[in-house]
Amino acid sequence: MNTALGAISNSFSIGLIVAALDLLAGVPLAWLIARGKSRWLTVLDTLADLPFVVPTAALGYSLLLFWSSGGGISSFFGGSLISPGWLLVMLLHFTFSFPVVVRIMVGAMLDYKMEYERASRTLGAPPLTASRTVTFPIIKPSLIAAFSLAFARSLSETGATFIVAGAVFMNGPVFLQTLSNELKSGTITLATYQGATVFASIILIAVSLSIFALIRIIGQKIKLPFGHGLPSFEKKLSYKKAAWSRNSIALFVFVVIVLVPSLFVALPAFQAIASGTPLIQAFSGSGVWASFWQSLLLSYGLAGIVTVLGIMLGIPMAILLARKTFGKWPSAVLDSLINVPIIVPSIALGVSLKFFWQGISGMPDFLLLIFAHLAITYPYFVRSMSSAMERISVDMEEAAKTLGAKPFTVFKSIVLPLTKYSILSGAIIVFTRSVSETGATLAVTSHLQTAPVLIVNWVNSVRGVIAPIAGVNSLTVGLACGILILFSFMILLILRLLTRKGKM
Amino acid sequence: MPDVKIVNVTKKYGNVYALDNVTLTIHDKEYFSLLGPSGCGKTTLLRLIAGLIEPDSGEIYIGDRRVDKVPPEDRDIGFVFQTFALFPHMTAWGNVLYGPKVKNYNEKEAKIIGHEVLELVKLNERLNAYPSELSGGMMQRIAVARALAAGAKTLLLDEPLGQLDAKVRNEIRYEIRRMAKDLKLTAIHVTHDQSEAMSISDRIAVMKKGKIVQIGSPQELYIKPNSLFVAHFIGESNFLEGYITSSNGIAELELRGGFKAKALITGIKAGERIVLALRPEVCLMKKGLNPNENALLGKIEKVTFEGTFIRYEIHLENGDHFIINKPSLTEEWMNVGDDVTISYPIDKAHVFMNPEGGLTQEIAV
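In the order they appear, the protein sequences are chains L and Y.
1 is the number of the first residue of the first sequence in my numbering; add one for each residue after it.
505 is the number of the first residue of the second sequence in my numbering; add one for each residue after it.
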């Protein structure tokens, strides 16, 4: 019981701290990307997305290699700079939530009307004062959204956290996973397992929901005071020198703390390419690689099915929400309910799903997996689609109706073409999220290995946490991660190219 | 108390000259308008004066101070934006007090100023409303109040009336001028609406494609346009093409179809191709065809009742199109199909060189 509570409070404290740090580091970088004038900034923009696209299991291993093992930065510091434990977990969570924050804030700043800031400048405010008193209050909703999302991801992440947490430190998801392992190894009874799991999950869910409601309410009320006398001080910080140092620090943090450690795992992949043999082995599927490709196939196949189902089920829901078909209040409630799977840690979700469907005997694990992934990814699609729909004026649909179009035709000829890029990007978010999903997968099934689960197992084998798997060494893990990153990066590139045409 | 001087200022975007070597002086306490069609550079010029953009070359002076490298917050200007740009997260009161607060006025002073300017724009009651709760006209007045509260002596207005409906526009434009004069400000007002510029400005600069075409008082521009573009852009003009047959004192012109006309011209030689410009309201129109020298013959094609005026569209015998406006309540009405003879006082006609690119292109906006 105590362990459970301790683990859960770790989850929340780390989540809040990491979300705050992500804002602190991410906003200046987003500022640079959104406002800067160089062409290199588009490259920076894409790079900032990378950690999001790398499956978290690979990310965890990468950070482990970079910060803790002799091969990484630690070599400069004689051995292990940051050993597995809470600091490494914080670094991990900081890293994978960083792109979320940057993406949201870049979007918010690009949507922001610069005229407000210009107005404030003509009234006598130096640039920093203008930002503080005008720009930030106006984009506050996005700051809150970014904070919430970073917090949610931190709460929810399992696979990578497991890798970097080490033997001692636990947060909520790690606790749940440890319980599951202990059940398998026979250290605890089924009754204890079930009791502890239910307890922990319920607390996780309840506290998450309350914290989110709090963030929403308090966030809206927060108003920074004007700060009499501050403008003259801010004047000194506003111009070239200050901007230069701010940008340099933002870039430094991004590259050294986020980007390089994230990609570090691919280093062995390059070694493999250089020497040739492991690469051939990998692509021929010999030995342990067979299970790798199988798991990759499972992951992408599952993601594909989940995406198609998600679109089919998500579009009607998005329409309901966007057009407030059920009225203002029911729609608001529905809207919050849709958020639940994003907020709730995926492993807790997986556990509840398992319990829910347990009664039905003979429910194949694969089906359970589909339900779990669908539940987790569905909100992202609905969100993306319904905000796109809200931007389509109702007038257009009404015009179509007065011209004689039946509802389905209206949908096919008006809504679909105008939202196709949102559908596409929603679909791709669903796809990548499903590929990356670890926690719920682990909770729901013990036989099927998706790619992230496989990687977690391989890493644990290399680290001696579980019994060694034949043929798995750090080179194979590195190569597997490298391949996974490469595929994910290509998908991201395709997403960028396809949605760019939709930029209006 | 500032003059505003712009000296040889150029601004390019890629290969396009937004402003092409523009020089202009606006006098202290003058109400000055920059008038022209979209893309002529008037807003660019205003923003350069404000410091929101920097010139590629040239100098800008506010008062005696050279300001082209000075950021907007240090130029001591007030700017009214076309979209108002009221801060949505502050009330009307918060918006108005922003300038004084940023300039470190103490609370008491700031409040006094706030109430003063709101009194000027007559909006003291809606202080606690947010911009989203205000009508267009109210937002506009708050925007002006906000610019004035900061205390600047130079007021820059970027199409301030563009977002308002016609009736409100006509009322508010006089109020803005009155405020500027009461507060002894130098005002620079950008607009594409020539009647707006004419009704409130001391002087107007007409701009086209990055250059200033003519500067003068509204009367000067209306009565003595220096080019086809100004004759067309300000008020309305009929254009008749032809050439000069003789130019001794009173010049004789031959127009299309052999019509003979006369005008007072200086500086254009016989044989030159010209365009004769006549304002619709200076011409005399009589029923019947009376072929005389200096008379144009035609038939009324269309009659439009426009309230104060009746607008007659006449198809001249030589194929040209002609417009005449007559007061609707004090003159006899004519009908479609009537034959008419049109004549004009020689001193009210303008003659311009027929431009190389052709008339249509020259007056195109």
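Glycine included, C-beta positions come from ideal geometry on N, C-alpha and C.
Remember, it's a predicted structure, so these values are computed and weren't measured experimentally.
DSSP-derived helix/strand/coil call for residue i
i: H696(Y); result: coil
i: Q449(L); result: coil
i: L687(Y); result: coil
i: G841(Y); result: coil
i: T527(Y); result: strand
i: V410(L); result: helix
i: L801(Y); result: strand
i: K503(L); result: With a pLDDT of 40 at K503(L), under the threshold of 50, the modelled position of that residue is not reliable, and the figure given next carries that caveat. Residue state, collapsed to three classes: coil.
i: T834(Y); result: coil
i: H825(Y); result: strand
i: F588(Y); result: coil
i: K671(Y); result: helix
i: S286(L); result: coil
i: G582(Y); result: strand
i: A4(L); result: helix
i: R677(Y); result: helix
i: L353(L); result: helix
i: K37(L); result: coil
i: S847(Y); result: strand
Contacts of residue i in chain C (Cβ-Cβ under 7 angstroms)
i: H593(Y); result: Protein chains in the displayed structure are L and Y, and chain C is not among them.
Own chain residues within Cβ distance below 8 angstroms of residue i, not counting five before or after
i: G739(Y); result: Q698, Y726 and R783
i: P28(L); result: R246, N247, I249 and A250
i: I370(L); result: L302, I305, V306 and L309
i: F591(Y); result: G598, N599, Y602 and P635
i: D851(Y); result: L768
i: L580(L); result: Shown here, chain L extends from 1 to 504; a query on residue 580(L) therefore has no answer.
Sequence-distant residues of the same chain with beta carbon closer than 7 angstroms to residue i, five excluded per side
i: G310(L); result: L374, T377, Y378, F381 and V430
i: K37(L); result: none
i: P468(L); result: S461
i: V717(Y); result: V710, M711, S731, F733 and V734
i: A684(Y); result: Y535, L659 and A691
i: K806(Y); result: E817 and V840
i: H854(Y); result: P729, A735 and A781
i: F813(Y); result: N829, K830, P831 and S832
Outcome for residue i when other beta-carbon atoms lying within 10 angstroms are tallied against a minimum of 16
i: V255(L); result: exposed
i: Y535(Y); result: buried
i: K503(L); result: Confidence in K503(L) is poor, its pLDDT being 40 and thus under 50, which makes the residue's placement too unreliable to answer from.
i: L744(Y); result: buried
i: A206(L); result: exposed
i: Y517(Y); result: exposed
i: G555(Y); result: buried
i: S185(L); result: exposed
i: T834(Y); result: exposed
i: Q644(Y); result: buried
i: D824(Y); result: buried
i: H531(Y); result: exposed
i: T770(Y); result: exposed
Chain-order list of residues whose beta-carbon lies under 6 angstroms from that of residue i (same chain, five-residue window excluded)
i: K501(L); result: Residue placement at K501(L) is flagged as unreliable, the pLDDT there being 48, under the threshold of 50; the coordinate-derived value follows with that caveat. Answer for K501(L): no residue qualifies.
i: M789(Y); result: I828, V844 and I846
i: D706(Y); result: E534 and Y535
i: A774(Y); result: I748, S750 and S751
i: V571(Y); result: I564 and R579
Residue i: first and last residue of the uninterrupted alpha helix (DSSP H) it sits in
i: K240(L); result: K240 to F252
i: Q718(Y); result: Unbroken run through Q718(Y) is the beta strand (DSSP E), K715 to G720; no alpha helix (DSSP H).
i: K140(L); result: K140 to S156
i: L298(L); result: W289 to A322
i: T95(L); result: W86 to D111
Terminal residues of the beta strand (DSSP E) in which residue i lies
i: F856(Y); result: H854 to M857
i: S537(Y); result: Y535 to L539
i: R707(Y); result: R707 to K712
i: F813(Y); result: F813 to L820
i: S471(Y); result: This structure cannot speak to residue 471(Y), because chain Y is shown only from 505 to 869.
i: R777(Y); result: R777 to L782
i: M789(Y); result: L788 to K791
i: V511(Y); result: V508 to Y517
i: G746(Y); result: N742 to N752
i: T658(Y); result: T658 to D662
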